[in-house]
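A.B. asks:
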Amino acid sequence: MPLPIRPFRRYGAALMRAAAAPVLLAVLLAGAATAQVADPVEDQSPVQDGALPPEAGSAEPSFTPLPAASLNFYGSPGGIDMPSAEMMPDGQFATTVSSFAGQTRMTLTAQVTPWMSASFRYHGMRDLNLFGFKTYYDRNFDVRFRLWRERRYLPQVALGLQDFSGTGLFGAEYIVASKRFRTPSWGGPARDGGRLMVTGGIGWGRLGSYNSIGALGTRPRFSGATSRGGEPAYDQWFRGPYALFGGIEWRPNDKLGLKLEYSSDDYVTETQTASLFNRRSPFSFGVEYQWKRHTRLGAYYLYGSEIGVAAQIQLNPRYPTRRLVVPAPYPVQPRAQWAGPPESWDTTWAESRGTVPGLRDRLTELLKRDGLVLESLEVGAETAELRYRNPRYTAHAAALGRAARALAATMPASVETFRLVPVADGMALSAVILRRSDLEALEFDPRSSAALLTVTGFADAAGRPGPEALPGAGLYPDFNWSLSHYTSPSYFDPSLPFRLDVGVDLRATWRPAPGWRISGKLRQRVWGNIKDGRLSNSVLPHVRTDTTIYAQEATTLENLYVARQWRPGRNLYARLTAGYFESMFGGLSGEILWKPVGSRLGLGLEGNYVVQRDYDQRFGFQNYDVLTGHASAYLNLGGGYEAQVDVGRYLAGDIGATFSVDRTFPNGWSLGGFFSQTNVSAARFGEGSFDKGIRFRIPLSSLLGKPSRAGLGLTIRPVQRDGAQRVYVPGRLYDQVRTAHRAGLEAGWARVWE
Amino acid sequence: MGEGLGMNLRGLSLRSAALAAAALLAVSGCSRGTDAPPTQLQLLNAARTSAGAIAGKVRRTEAPARPPLTRAALEQVQVPVLEVTVERRGDWAFLFRTLERTDSSPGRIEQWSTEDSNVTISLRGGVLIATRGLGGDLLSSAVRVSDARPGPDGGGAHRQMIRNLDYRETALALSCDLVDLGPETIEIVERRHATRHLQQRCTGGGGRVVNDYWTDPRAGLVWQSRQWAGPHLGYLSLRRLVK
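In structure tokens:
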């Protein structure tokens with residue numbers, strides 16, 4: 227059905243005047259504010275500038291961030307329905323739920339870099355009757371860039387692409403400028419005074435649909451019924467009619483916000499194709515209130531006819547909800563205090579074999595207090611090599627510091643050099659070399675962390691412990707099991723956007739010897755509705771889209787496999803896995819990784835022969851098998867950014883490459899995105915045209931305030947199809963190795979003395 | 002279509018979900034071995050703990066009140082005791098000395114620890130240089146002290162390294178003036194001490210900090226102080242109960 231952009235109307239001139247009014251008002255207000263206190267606001271971050279205004283009622287320096295930019299109905303910084311040029315603080319994760327006129331928008335926005343943010347939105351429209359769905363759901367991506375920062379007299383300017391690759395129903399592009407001014411505070415405490423923000427912008431697409439003032443070429447029509455969506459709509463960007471929009475936000479104190487805006491969105495589809503609401507006026511008004519530290523609520527009167535509500539939840543990896551508290555470590559007692567001068571340190575103890583088991587047992591106890599597991603200990607007269615597992619701390623540096631303290635508390639005085647080797651499933655990850663006298667000298671140094679880093683050595687660890695090494699007492703065979711509940715969500719089914727299975731998982735892992743692992747997981751569903759989902763219409767082999775059929779059975783064997791991982795040589799890591807890897811595939815998998823401890827680059831090679839498992843997920847297989855594998859390059863870009871490229875053959879037999887970028891914070895928060903291009907055409911791929919998605923992970927430690935390596939992760943694909951899919955093999959090497967190498971250790975180095 | 006299924010889901014879900022939740026809580030939640038428990042189990046355990054804490058609040062089982070301190074009781078204690086209060090939280094504890102040493106910088110270092118050794122604080126010449134186990138800890142500090150007198154020695158730079166909540170280390174540079182407010186007699190649990198009140202007035206990081214020290218140069222110690230431990234912790238009050 228045709229959805230034309232409205233032609234310029236007769237009474238356009240009158241509306242132009244109406245449009246000019248808020249802009250004029252804004253300029254006047256801005257002028258007034260400037261006259262009062264000509265003091266523009268500047269963004270500050272404690273780490274860069276070391277100065278934020280103290281909190282209300284206090285004069286102490288504060289690292290607590292100022293209230294962040296408020297968000298609009300699209301989950302981007304802005305007024306009510308229109309964007310502003312503000313950016314959220316770096317790394318911010320925001321979830322916004324907004325609703326008016328039968329439309330509900332749920333948006334996840336991440337401030338990926340200080341100058342770029344990206345949003346993923348799920349948009350539901352009741353009674354739209356578009357494309358045959360009673361409630362029409364749309365998924366769309368936005369991206370915004372800051373073009374330049376706010377200066378004393380210059381506004382901040384941003385460019386945004388809204389719904390740039392979906393069906394284009396919400397497609398809009400804009401360039402917007404915002405300027406903030408200090409005002410006197412009113413009605414409550416304000417850390418940094420009141421703030422007035424004035425915004426004006428120019429928009430295309432949706433944002434150019436009301437009262438346009440000109441046109442740049444012609445904008446291809448939105449063709450939702452035929453388009454598969456998913457590909458960037460380059461041909462639409464900044465085309466067609468454009469219009470002006472603007473708004474004012476006054477935040478008189480840290481809690482309250484008042485908003486007024488003039489919208490250039492005519493809501494053609496919603497008001498004409500379907501009559502969801504009556505757009506009577508371009509003006510909207512709103513009141514917002516910071517209810518909790520992370521949550522802001524708002525009520526609005528939109529377009530002269532509708533009441534709207536919104537909730538904004540903003541989290542930042544740098545300011546987690548719970549503060550991590552770990553018990554204090556024990557001090558490093560200088561040897562001079564208990565062993566006399568170094569000349570008198572005896573080394574004859576090393577000759578009697580009986581001493582070492584005693585040392586190992588004491589060390590095991592100390593490590594256990596800190597949640598670490600002793601794998602092996604090799605002690606000579608002057609050196610000790612400790613191999614240990616770290617099941618507790620996100621930052622390997624925290625485990626390392628505690629292991630070093632434990633050694634300093636147990637080893638005879640003559641042992642001067644500590645080699646600390648973190649181990650994952652029997653595989654040595656790196657060797658960190660510390661001198662005991664440095665630990666003694668630097669514990670209370672004014673810059674203890676930085677000082678210790680300069681005298682710490684990082685090296686490749688030998689594949690096996692030395693011949694004299696004592697293994698952990700009674701560690702192997704090592705048997706672990708657990709029984710826990712699980713929840714398994716499924717998203718974006720057009721008939722029911724959120725589906726869920728809940729039940730119980732029984733896991734068991736048996737390690738007969740270092741490097742070997744036999745592991746399995748049995749799942750019993752107690753309740754769920756994923757089994758009622760839609761069936762696949764994919765023309766490719768159904769390697770991922772048969773979720774509904776796979777969800778029919780309540781009792782399933784999720785995985786059962788034997789894995790062996792070892793170090794075949796210097797800087798090399800290897801893994802062989804055989805069995806049922808995941809609910810859909812089983813087979814044989816081999817991987818080898820080259821990654822020097824100090825290198826930013828890692829290269830990996832993985833080959834798998836997999837067979838599709840029976841739908842009941844017991845022991846049987848179907849008759850689809852495939853050779854799949856990838857060559858991967860991992861590059862640490864610095865600052866927590868990591869890029870990965872995988873080239874190879876995917877599960878459906880398609881050949882291509884996956885590109886991904888992730889940003890990981892030292893405390894384990896991460897966010898990233900990926901996309902793949904393979905030799906499957908967009909038409910054969912189906913809805914979405916190619917595979918892509920975003921992923922994030924929130925570490926449990928920042929939710930619970932206790933140390934933990936676990937995290938809640940989510941990968942969101944707007945559409946799950948069969949192209950560019952990889953098998954999930956448990957225990958891929960790079961993730962095990964990365965955090966224990968030099969860059970990973972340095973990222974969390976602040977915790978080495980903690 | 003969506004509505005119909007939605008209704009169906011809701012009708013079905015309430016009863017089944019309650020049943021499922023009960024069943025899950027009854028059976029789930031155990032793990033054995035050297036591995037960390039699975040994520041879901043860690044979450045469940047935390048939920049149980051906080052449910053217990055909430056139930057405790059509902060039942061009004063309050064934290065034990067601060068015991069009344071008497072000098073007679075303190076006379077029984079044979080080791081040095083330091084009382085530390087985290088003002089912002091109202092938490093307090095008695096700390097015992099676990100380490101005394103020197104290093105290449107001036108000032109005698111003392112580390113004090115709670116009885117369960119979960120929290121320690123470290124002082125150099127009576128000036129706070131580190132905390133552990135409080136969360137958002139003070140990792141290390143550059144302070145001006147001398148071997149001759151307890152407390153800060155003159156004004157100047159006072160730099161604190163703060164462990165931020167994202168595990169990064171942030172340097173907070175304060176510049177301080179030291180003011181000698183003269184002799185002052187203070188009382189700590191029925192015992193009076195003749196002290197000299199030193200006040201360190203610092204600015205930096207966008208704010209102001211005032212540290213107070215009641216020092217006893219003859220005994221070579223700081224009897225009482227109120228010191229700032231960084232933006233995440235705020236002020237700590239320290240009182241030496243037993244010398």
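Which chain is which? The protein sequence lines are A and B, in order.
Take 227 as the starting number for the first sequence in this note's numbering and just add one per residue.
Take 2 as the starting number for the second sequence in this note's numbering and just add one per residue.
Where is the CB? At the ideal position from N, CA and C, for every residue including glycine.
From a predicted model like this one, the values you see are computed outputs, not experimental measurements.
#1: How would you label W753 (chain A), buried or exposed, when you count the other beta carbons within 10 angstroms and need 16 or more for buried?
#2: Helix, strand or coil: which one does DSSP assign to S271 (chain A)?
#3: Run through DSSP, which three-state label would E312 (chain A) get?
#4: Could you tell me whether any Cβ in chain B is nearer than 8 Å to the Cβ of W707 (chain A)?
#5: Can you name the residues that DSSP bridges to P81 (chain B)?
#6: For C31 (chain B), which residues in chain A fall below 9 Å Cβ to Cβ?
#7: For H967 (chain A), I'd like the list of residues in its chain whose CB is within less than 6 Å of its CB, leaving aside the five on either flank, ordered along the chain.
#8: Tell me the residue span of the beta strand (DSSP E) that contains I163 (chain B).
#9: Is L668 (chain A) helix, strand or coil by DSSP?
#10: Do you know how far the Cα of Y614 (chain A) is from the Cα of T581 (chain A)?
#11: Should P467 (chain A) and S507 (chain A) be called a contact, given that it needs their Cβ atoms to be closer than 8 Å?
#12: So, F346 (chain A) versus S324 (chain A), is the Cβ gap smaller than 8 Å?
#13: Counting contacts by CB-CB distance shorter than 8 Å, is S716 (chain A) in contact with chain B?
#14: May I ask which residues mark the beginning and end of the alpha helix (DSSP H) holding E591 (chain A)?
#15: Quick check on the burial criterion: 16 or more other C-beta atoms within 10 angstroms. Buried or exposed for W476 (chain A)?
#16: Quick one: is L926 (chain A) near chain B, going by C-beta distance under 8 Å?
#17: I'd like to know whether the C-beta of G974 (chain A) is nearer than 8 Å to at least one C-beta of chain B.
#18: Mind listing the chain A neighbours of T35 (chain B)? Cutoff is C-beta to C-beta under 8 Å, in chain order.
#19: Under the rule that 16 or more other beta-carbon atoms within 10 Å means buried, what is W430 (chain A), buried or exposed?
#20: In angstroms with no decimal places, state the Cα-to-Cα distance between V211 (chain B) and L139 (chain B).
#21: Name, please, each residue of chain A whose Cβ falls closer than 9 Å to the Cβ of I110 (chain B).
#22: Short of 7 Å Cβ to Cβ, which residues in the region 882-907 of chain A face chain B?
#23: Run down chain A in chain order and give the residues with a C-beta less than 8 Å from the C-beta of H233 (chain B).
#24: Can you list the alpha helix (DSSP H) stretches of 4 or more residues lying completely in the region 607-655 of chain A, in chain order?
#25: Give a yes or no on whether the minimum CB-CB distance between E170 (chain B) and chain A is below 8 Å.
#26: What residues from chain A crowd round S118 (chain B), counting only those whose CB sits closer than 8 Å?
#27: Interface residues of chain B around L938 (chain A) at Cβ under 9 Å?
#28: Please check if any C-beta of chain B sits within less than 8 Å of the C-beta of A780 (chain A).
#29: Under 8 Å between beta-carbons, which chain B residues line up against R977 (chain A)? List them in chain order, please.
#30: On the DSSP letters alone, give me the boundaries of the alpha helix (DSSP H) that Q962 (chain A) sits inside.
#31: Among all the DSSP beta bridges, which residues are the ones paired with M351 (chain A)?
#32: Out of curiosity, what's the CA-to-CA distance linking G427 (chain A) and R408 (chain A)?
#33: I need the DSSP call for L44 (chain B), collapsed to helix, strand or coil.
#34: Taking 8 Å as the threshold (beta carbon to beta carbon), is R544 (chain A) in contact with chain B?
#35: Just tell me which of A:L940, A:R921, A:S896 and A:L938 has its CA closest to the CA of N542 (chain A).
#36: Could you tell me whether the Cβ of L239 (chain B) comes closer than 8 Å to any Cβ of chain A?
C.D. replies: Put simply:
#1: buried
#2: The predicted position of S271 (chain A) is uncertain, since its pLDDT is 45 and thus under 50; a value taken from the coordinates is nonetheless stated next. In this structure, S271 (chain A) counts as coil in the three-state DSSP scheme.
#3: coil
#4: yes
#5: Answer by DSSP bridge pairing: none, since P81 (chain B) is not bridged.
#6: W707, S708, L709 and S710
#7: S656 and V823
#8: G157 to R164
#9: helix
#10: 20 Å
#11: no
#12: no
#13: no
#14: T581 to R595
#15: buried
#16: yes
#17: yes
#18: V599, R615, P617, L701, D704 and N706
#19: buried
#20: 17 Å
#21: E669 and F670
#22: F891, P892 and N893
#23: F289 and R549
#24: 622-636
#25: yes
#26: P553, A554 and Y556
#27: T40 and L44
#28: no
#29: R164 and Y168
#30: L959 to R964
#31: A:Q329 and A:Y362
#32: 21 Å
#33: helix
#34: yes
#35: A:S896
#36: no
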